[in-house]
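Using the UniProt record's numbering, read the sequence shown as starting at 1 and increasing by one per residue. To start, the structure itself, in structure tokens.
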Amino acid sequence: MVAPLSSWPWENLGIFKYVLYGPLVANGLYSLYEEGNIVNNWCLHIVLISLLRVGIHTCWSSYSTMLFLTRNRQILQQGVDFKQIDMEFDWDNFLLLQALISSMVIYLFPWLGNLPLWNTKGFIAVLILHVGVAEPLFYVLHRFFHTDYFFTHYHSLHHSSPVPQPFTAGNGTVLEQLALSLVIGAPILGTSLLGYGSTAMIFCYVLIFDFLRCLGHCNVEIFPHRLFEAIPIFRYLLYTPTYHTLHHTEKGTNFCLFMPLFDAIGNTLHKNSWDLQKEISLNSGKRGKVPDFVFLAHVVDVTSSMHASFVSRFFASRPFVTKLSLLPQWPIAFIVMLLMWGRSKTFLYSFYNLRGWLHQTWVVPRFGFQYFLPFAREGINKHIEDAILRADKLGVKVISLAALNKNEALNGGGTLFVEKHPNLRVRVVHGNTLTAAVILNEIPKDVKEVFLTGATSKLGRAIALYLCRRKVRVLMLTLSAERFEKIQKEAPADCQNYLVQVTKYQAARNCKTWIVGKWITPREQSWAPSGTHFHQFVVPPILAFRRDCTYGDLAAMRLPDDVQGLGNCEYTMDRGVVHACHAGGVVHHLEGWTHHEVGALDVDRIDLVWEAALKHGLKPVSALK
1 MVAPLSSWPW ENLGIFKYVL YGPLVANGLY SLYEEGNIVN NWCLHIVLIS LLRVGIHTCW
61 SSYSTMLFLT RNRQILQQGV DFKQIDMEFD WDNFLLLQAL ISSMVIYLFP WLGNLPLWNT
121 KGFIAVLILH VGVAEPLFYV LHRFFHTDYF FTHYHSLHHS SPVPQPFTAG NGTVLEQLAL
181 SLVIGAPILG TSLLGYGSTA MIFCYVLIFD FLRCLGHCNV EIFPHRLFEA IPIFRYLLYT
241 PTYHTLHHTE KGTNFCLFMP LFDAIGNTLH KNSWDLQKEI SLNSGKRGKV PDFVFLAHVV
301 DVTSSMHASF VSRFFASRPF VTKLSLLPQW PIAFIVMLLM WGRSKTFLYS FYNLRGWLHQ
361 TWVVPRFGFQ YFLPFAREGI NKHIEDAILR ADKLGVKVIS LAALNKNEAL NGGGTLFVEK
421 HPNLRVRVVH GNTLTAAVIL NEIPKDVKEV FLTGATSKLG RAIALYLCRR KVRVLMLTLS
481 AERFEKIQKE APADCQNYLV QVTKYQAARN CKTWIVGKWI TPREQSWAPS GTHFHQFVVP
541 PILAFRRDCT YGDLAAMRLP DDVQGLGNCE YTMDRGVVHA CHAGGVVHHL EGWTHHEVGA
601 LDVDRIDLVW EAALKHGLKP VSALK
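Right, here's the structure in full:
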């Protein structure tokens, strides 16, 4: 049986819980219309405070997930996974609860709705009451919630987040949030009863309270240790993120709200609190742990750039889809794009751990359309080259190139960098061998004929040669007889007649297996017979125009089950699924192969790479739309 006040009464409402703010908004707008005075319009004030509090938590969350700024200052060196993100999805329940409580208090004590805008004495009074009432009250209640029964039924949810985050601060049960409401409300109500209350005091106290709560849960040590060495008493007046993180890892210590003084008085202060804070502070200026594998990604377009964990980790934890709610943010993302144009380095985007190996994703600060601008190619290659040299200097074992970063016209599938720097220790991998393997293993064994566009590309060539060896007839769409004949001569003599050059889409009107490596229009798709399946390795994916046909997703694989700390989806891929070129780099690293995988694909290695991927627990993903 569920303990009373352990679950939220509106938890089944989903996003419709925000309708409960409706009476406050309606009452506030009506009062504003009737009286034209917003100073004493406490219905709107409550809604505004709630919005500002959401902003504080969101900004702190964004900061803590900006790994390119915070990686070396992180206290717990592990990623926030999907389970924690889902568990903290309704972190803002406490804001709704406190908004409802506030409205009831003002209804019972109407005079609280007529406070002056400013009263300097109120700030002094609320500070005294915070230290004298809120801090010791929270300390006592917090220790109470750590007793066996109350921890199990009420407080364990808050502690179930492996990595403290700003949203963790709000994640809790009804009873503990009622207790927290008492803590935050006591100084405010006390100051008002003393006659020193004001609107500004309430806004400032509540927002600073949330700011400090988020600070303690951010998992990023922001205080320099020299501050506490220069002013020793300061360590008892304000806690640090390290100090509070120790409470989450060793639950019997560091119970204070914001002031470690009360842990010192209660003899619950962790003895390593300041030594650990100093160690992390000192390490922040040093190079962090070197990744073993790096996936060098790029931004697809302006809209998809908002699918980043530091924009919204909840949005990033789900496959990307274009939403109308993104449109108001588009101008901001566009401005960021312009600012990124001049950025000279890649930035750390995400990381996860696989069998003790640290895998990171770095992002080239360029958008998809820029790769097709002739004047931008040299600069993009310079970015990629700098990333490879940086990885080589750090000691990275494998760096894998995302789709456009290995474009043939751009750098020959990575060949440019390997030839320019023959002594690279880091292995450069385009991952296309596994991409080819994924596509080929999606094709049913009984297929006798396929239609192939993009037939003379790196992937198209390898797919054609592999299939003709299986005695599958390949209709290769290309206008270049010279390029076709060159590929045909690579096939075994007894298989060359299975490769057939075609120059028009009409040639495939009786073929139900299309492999698309070059973007095709709805009109070109119309030549496919009913029941056709479109396999594809084209970026961006083709439009699913035909309802009487099926469309495969881009080649992808699911990472092994033992991956840890993965909390964002790779573009449109499902959770735990990555593009095949990413997975190809992972396999290259796990196998310990010492060769570069650049340029033309070695057809003889397709089956070898596929078997290696399956051996390491990667799983094929085949989806129909």
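The beta carbon of each residue, even a glycine, is placed where N, CA and C say it ideally should be.
- It is roughly 26 Å from the alpha-carbon of Arg235 to the alpha-carbon of Pro162.
- Bounds of the beta strand (DSSP E) holding Asn353 are Phe347 to Leu354.
- Restricting attention to alpha helix (DSSP H) runs no shorter than 4 residues, the segment 315-400 encloses them at 330-341 and 377-394, ordered along the chain.
- In the displayed model, Ala493 falls within coil according to three-state DSSP, outside both helix and strand.
- Excluding residues up to 5 positions away in sequence, Asn41, Cys43 and Leu44 lie with their Cβ nearer than 6 Å to the Cβ of Gly28 in the same chain.
- Ranked by Cα distance from Leu129, the options Phe150, Gln74 and Pro187 are led by Pro187.
- Taking the Cβ atoms as the reference, Trp362 lies roughly 5 Å from Leu296, within the contact range of under 8 Å.
- Spanning the alpha carbons of Pro224 and Ser281 requires a straight line of approximately 6 Å.
- Using a Cβ-Cβ distance cut-off of 8 Å, the segment 326-346 and the segment 265-282 are not in contact, since fewer than three pairs of beta carbons, one from each stretch, lie closer than that value.
- When Cβ pairs closer than 8 Å are counted between the two stretches, the segment 82-93 is seen to touch the segment 558-569, the count reaching three or more.
- Remark: C-beta atoms of Leu227 and Asp562 do not approach each other more closely than 8 Å.
- A direct Cα-Cα distance of roughly 4 Å separates Phe351 from Gln360.
- Ala600: not part of any alpha helix (DSSP H); DSSP gives it neither H nor E.
- Distance from the CA of Arg71 to the CA of Val428, rounded to the nearest whole angstrom, comes to 24 Å.
- Closest by C-alpha distance to Gly266, out of Ser530, His142 and Leu5, is His142.
- Comparing alpha carbon positions, the residue from His298, Thr58, Val472 and Thr456 closest to Arg483 is Thr456.
- In the same chain as His146, and ignoring 5 residues on each side of it, no C-beta atom comes closer than 6 Å to its own.
- If you draw a straight line from the Cα of Val603 to the Cα of Ala333, it is about 41 Å long.
- Annotation: the segment 36-79 contains the following complete segments of the alpha helix (DSSP H) (minimum length 4 residues), in chain order: 42-64 and 67-70.
- By the neighbour-count criterion, in which 16 or more other beta carbons inside 10 Å mark a residue as buried, Leu108 falls on the exposed side.
- Per DSSP, the beta-bridge partners of Val516 are Gln536.
- When secondary structure is reduced to three states using DSSP, Phe144 falls in the helix class.
- Assigned with DSSP and collapsed to three states, Gly552 falls in strand.
- For Gln501, the enclosing beta strand (DSSP E) covers residues Leu499 to Val502.
- When C-alpha distances from Glu176 are compared across Leu157, Leu189 and Gly190, the shortest belongs to Leu157.
- Here the segment 248-267 makes no contact with the segment 298-315; the two share fewer than three CB pairs at distances below 8 Å.
- Measuring C-alpha to C-alpha distances from Cys549 to each of Lys512, Ala134 and Met573 identifies Lys512 as the nearest.
- Using a Cβ distance threshold of 8 Å, Pro164 and His57 do not count as a contacting pair.
- Measuring C-alpha to C-alpha distances from Ser317 to each of Met87, Arg461 and Lys406 identifies Met87 as the nearest.
- DSSP places Met259 in the coil class of the three-state scheme, outside both helix and strand.
- The Cβ neighbour count for Asn254, taken over all protein chains shown within 10 Å, is at least 16; the residue is labelled buried.
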